[in-house]
Structures are given as structure tokens and as C-alpha cells.
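Using our numbering, the first residue of the sequence shown is number 6, and each one after it goes up by one. What follows is a set of notes on a single structure, which appears directly below.
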Amino acid sequence: MIDLSLVPDGGLSWLDGSGPQAHIVLSTRIRLARNVERLAFATRGGAEDRARVLGLVDAAWRDSPLGKGSVRFLLDDLDGADRLLLHERHLISRELTEAPSAREGGSGAAVFLSGSTGVMVNEEDHLRLQTLRSGLALPQAYAEVEQLDAALGGAVPFAFHPEFGYLTACPTNAGTGLRASVLIHLPGLVLTKEIAKVLQGLTQVGLTFRGLYGEGSEVVGNFFQLSNQTTLGKSEAELLDHLGKIVRQVVAYEEQARQVLLRDAPTVLADKVWRAYGLLRYARSLTFEETMNLLSGVRLGAGLNLIPGVSVYTLNKLLIFTQPAHLAAFEPPVPGDPEAGSARAGYVRRLLDEEAARSAQARRPAS
């Protein structure tokens, strides 16, 4: 198994729940698509092109301030389980997770990680620069990835057209090459049956929504990724400002929906969130989808102060470490349990028991 302790904070600094609106917005991610001039796009290039891209990025990364204390993983050297670990932590995309490592001459696929920033190499584009922060933090996240862009762009000649901006493998990414997204929790809108109206409104203002892992993933646990749909014809500042305004509106709608539930169905709401907590606290087997749905209920209850003593950090940690690859890597397998349901339930119980013990200790009067 890859040594994730080499990655600063394990690549999970966003779990701490310290960012703005962290009770509703779990994380903000910014990605910039870049390609090396005069080289075929990664999806069309040969092994020599891919190796040249990797070499250019490797040299630029090592010569930049980011190189100190960073780590590089070559995807060809990782098995499927290790790749899935990185994907579950949102450090690499589904495309890199599933990229065939047996391509002639090697895929040249890699990921460089330094703190909350990183670069995926030889994905759909030659480079995908990215950063991930807690809460709704679009300006802060963009400032980080902009520094990375400047550091690498000074050493790697990026493909740029005076009319079309940065050139990308997919035309919808051309221009700024910027994809900004927020991972947001919307149980109130789902329970009040307002979610369809809100999601439809997003598409009308140039945004799109996806599931927990972005494009191609299903929505589970009422977690949605909201992001800009196009990048051409607008500046980075305009794209971020537009997304930020819409996300803040969605957060306001979600908060209103939660207040409606508290006002109109307080007993039903309390029963729902406490049932979810009880199942997580005492269940002996849990599927991943079931866990996500129950975590959604507990997260709602904690956000409304109906369930005291459960931190956002613990709920975020459960979101990551109950996934299949993390359970396989960090939890002892249970004989005769191919779906890891028993291991998952055991891990959830242990974390919630520890949280309850800390909460009880904090409430205990000093002697």
C-alpha cells in the first residue's frame, strides 16, 4: 500500500470543517486545465509525448518552492487499490483511477501533491492543477492554484491562443481552463421537495451539478457538487464571482428549508436525525450507500443543534474512511464479509463512541 503519511495532512486538511459555511459546504475545489505547446493532447499523444510532459512537470516542480516536502506518485507503479485510495480522497480523478497502466511505453500519468495543492499529469489534459479547501472558499482556493499556475507556467510553455485562451483537449474547458466546484450538503431542500426546482435553476444560469465524485458519479447522501459549466468568454474573476453568488443563494435556500422543517415538523425531523444516529451508533453491518444516507441525517441534526457533541470533522472523516478502499487498507477484514459491511459498521461505531466520550468529558464539571 502507498504511504499516505508522505502526503502533508494525508491530503485531507479540508476535513477539519474550519472553512466558511462548513456545516453546509464541505469543500471548495479549483482546477486549471493546461497543455504543453507543440505537443499532442494527452488523449492523442504517444508514449514519447507523455514522457516529455512528465519530465517537464517533474523538473519544474522540483525547482519550485512547492517541491520541498511534497510527494509524487507515478500511476503506472500503483495498483488499483492504491489508485482508488487517492481517488476516494479526491486527490486524483476517476480518469486517472481507471487509466490503463499497461499502455505501450507507459501512461506517464502521475500526481504531485504539496499541502492542499497538486497537479495531475497526463489525464485528459497534460496538466490539471488543483487545490481543495474546507468550506466555501473560492477566492482562497483560487489564490493557491494561481500561485501554482505561475510557478509551473514560468518553466513549462503552456499552449495559449490570443483569441481562445488556454487550449484544452475538451473545447468546453478552453479559455481560462478553470473548473470551480463546491461539495454541498442539501438535505433540507431534498426533504421539502424543493431540490428539483433549485437544480433546474442552476442549469439555467450556466452551472451544473454532479454527485460526490464529480462527473459520472451518482448523488448519495444528499451531497452535490456544483460547478461552472463553461470557461470560454469570461475571466477567472467573473466565473468565480458568479459561482460564489449562486452557491450563497443555494446555502440560503437550504437554511430556509431547514427552518421550515423545524417549524412544521419538529417531531418528525428529530425522529429522523436521531434514528440515523442510533443506526450508525449501533448497527452491526452497513453498506456504503446506507452509511452516506445515515450520515446525511446526522449531519443535518448536528447542523441544527438537535444532536449535540458530534463535530463536523468526525462526520467528514466518516465520509472518507467508510469508503471501500479505505476500509480495505485500514480496517481488518471480517471473514465471510465480502462487502465489508461489518468492518464499516465497526469503524463508524468506534469513531462515534470516541466522540461521545469526548463530549461527555467536556461536559463533566471540573473537580
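Idealized CB from N, CA, C, for every residue including glycine.
Residue i - DSSP class collapsed to helix/strand/coil
i       : result
Phe-46  : coil
Thr-181 : coil
Val-30  : strand
Phe-163 : strand
Leu-79  : strand
Ala-362 : helix
Arg-254 : Position check: residue 254 holds Gln in this sequence, whereas Arg was assumed. Correct three-state label for Gln-254: helix.
Asn-40  : coil
Ala-115 : strand
Asn-227 : coil
Leu-291 : coil
Glu-109 : Note that Glu-109 has pLDDT 49, beneath the 50 cutoff, so the model's placement of it is unreliable and no number is given.
His-247 : helix
Asn-310 : coil
Val-339 : coil
Pro-370 : coil
Ser-347 : helix
Beta-carbon gap between residue i and residue j smaller than 8 Å
i       : j       : result
Phe-46  : Asp-130 : yes
Val-58  : Val-126 : yes
Glu-295 : Leu-191 : no
Phe-165 : Gly-180 : no
Ala-104 : Leu-80  : yes
Met-6   : Asp-87  : yes
Ala-281 : Gly-193 : no
Leu-44  : Asp-54  : yes
Leu-143 : Leu-309 : no
Expected contact under 8 Å - CB spacing of residue i and residue j to nearest Å
i       : j       : result
Ala-345 : Ala-333 : 7 Å
Val-317 : His-95  : The pair is not a contact, with the Cβ atoms about 17 Å apart (cut-off 8 Å).
Ala-160 : Ala-65  : 4 Å
Ile-189 : Phe-229 : 5 Å
Tyr-147 : Glu-241 : 7 Å
Asn-235 : Thr-177 : The identity of residue 235 in the sequence shown is Thr, whereas the question assumes Asn. Correct: roughly 6 Å between the Cβ atoms.
Leu-134 : Ile-325 : The Cβ separation is near 22 Å, so there is no contact.
Leu-207 : Asn-233 : The pair is not a contact, with the Cβ atoms about 10 Å apart (cut-off 8 Å).
Arg-253 : Leu-137 : Not a contact, Cβ separation roughly 20 Å.
Leu-141 : Gly-24  : 7 Å
Asn-40  : Thr-173 : 6 Å
Residue span of the beta strand (DSSP E) that contains residue i, given as start and end
i       : result
Arg-215 : 212 to 215
Gln-135 : 132 to 139
Gly-123 : 122 to 126
Residue burial classification, residue i (beta-carbon count within 10 angstroms, cutoff 16)
i       : result
Gly-238 : exposed
Glu-109 : Because Glu-109 carries a pLDDT of 49, less than 50, the predicted location of this residue cannot be relied on, and the following value inherits that uncertainty. Glu-109 comes out exposed.
His-273 : Reading off the sequence shown, one finds Val at residue 273, where the question assumed His. Classification for Val-273: exposed.
Ala-367 : exposed
Asp-358 : exposed
Ala-107 : Annotation note: pLDDT 45 at Ala-107 (below 50); position unreliable, coordinate value reported separately. Result: exposed.
Phe-335 : exposed
Arg-289 : exposed
Asp-154 : buried
Gly-16  : buried
Ala-201 : exposed
Tyr-287 : exposed
Ser-32  : buried
Val-195 : buried
N- and C-terminal bounds of the alpha helix (DSSP H) containing residue i
i       : result
Met-6   : Counting along the chain, Met-6 falls outside any alpha helix (DSSP H), and DSSP gives it neither H nor E.
Val-203 : 200 to 209
Phe-326 : 317 to 326
Thr-102 : 99 to 103
Gly-51  : No alpha helix (DSSP H) holds Gly-51; DSSP gives it neither H nor E.
His-331 : 329 to 335
Asp-87  : 85 to 93
Leu-11  : No alpha helix (DSSP H) contains Leu-11, which DSSP labels as neither H nor E.
Any C-beta of chain C under 8 Å from that of residue i
i       : result
Glu-260 : Absent here is chain C; the protein component of the structure consists of one chain.
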